[in-house]
Each structure stands twice: as structure tokens, then as C-alpha cells.
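Read in order, the letters of the sequence shown are residues -22 to -1, 1 to 91 in mature numbering (1 follows the signal peptide of the UniProt record, and there is no 0).
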Amino acid sequence: MMRATISCLMALTLTLASLVLANARGANDDIGMEIVICSGVGMTTIAIGPDGQPVEQTEPCPDGTSVFAVALALPSAPDPAPRLIASLAPVPVAIPAPRHELSPSARGPPALA
């Protein structure tokens, strides 16, 4: 029940944010001379007024949906505690004793024809 409620709230938040940011993407206000600074949170437009003093305006940035993903991110799960599952003992390897005699050849030397 809780999972369904959280899922619906997240879907509603994403829908509303998408509508606001889609509207911001289509907005193009010509107010004379202005400086635009776009961050992850919003687009800040500093317009120069008729007296030469800056006038500050804040508008939503159309590329700001990544902020919602970070803000609503789930906390990371804790790492599981390490535990010993199995212990492997080293297997003794039998090393064959060296042979000091020569082994016979598989065939004789080539015959002269």
C-alpha cells in the first residue's frame, strides 16, 4: 500500500514538473538587454532596466528535471555484514620422487639404407 502511494506521488510530481518545464522551454521573452544564467535548479535572467540598473527575474529552466531525480533519490542500502561461508584447507600435493636412471628410447636410431 505504501509503495503504491509513493509511486503515485512521484508520478504526479514528475507530471507537474514536466508541464512547468515544457512551458519554460517554449517561453521566449524579449525584454531588451538581458543576461541568462541557467543552472540545474532554474534559469536566472538579469534584465537591464531603462535606468541602467539590473532587474532580476527567475524562471524555471527547461532542463531542470535532473534535480528532481536527485532530490527524490532513495538512500543507499547498507552493505551486508561479511560472514564466513566456507573454509578451504590446502590440499597436500604429492611430488613424485626424481628418477636417476635413463629411460629407454621408443625406437632405435635411423638405419642407413
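Each residue gets a CB set at the ideal place from its N, CA and C atoms; glycine is no exception.
Practice prompt. Could you say which of P58, E12, L(-14) lies nearest to P28 if we only look at CA atoms?
Written response: For the purposes of this step, residue 28 is identified with residue 50 of the sequence shown, where counting begins at 1. Comparing Cα-Cα distances from P28 to each of P58, E12, L(-14), the minimum goes to E12.
Fill in: First and last residue of the uninterrupted beta strand (DSSP E) at I73
Here residue 73 refers to the residue found at position 95 of the sequence shown. It is not in any beta strand (DSSP E) - I73 carries neither H nor E in the DSSP assignment.
Worksheet item: Is residue 113 helix, strand or coil by DSSP?
Response: This structure does not reach residue 113, given that the chain is present from -22 up to 91, and the question cannot be answered.
Discussion item. Taking 7 Å as the limit between beta carbons, can you name the residues of its chain near V14, skipping five residues before and five after?
Written reply: Indexing the sequence shown from 1 puts residue 14 at position 36. Only M21, T23 meet the Cβ criterion.
Practice prompt. Identify the continuous beta strand (DSSP E) that holds A25 and give its terminal residues.
Written response: For the purposes of this step, residue 25 is taken as the residue at position 47 of the sequence shown. Element bounds for A25: 21 to 26.
Worksheet entry | Close beta carbons around R61, own chain, < 8 Å, minus the five adjacent residues each side | Within the sequence shown, numbered from 1, the residue matching residue 61 stands at position 83. Nothing listed; no residue qualifies.
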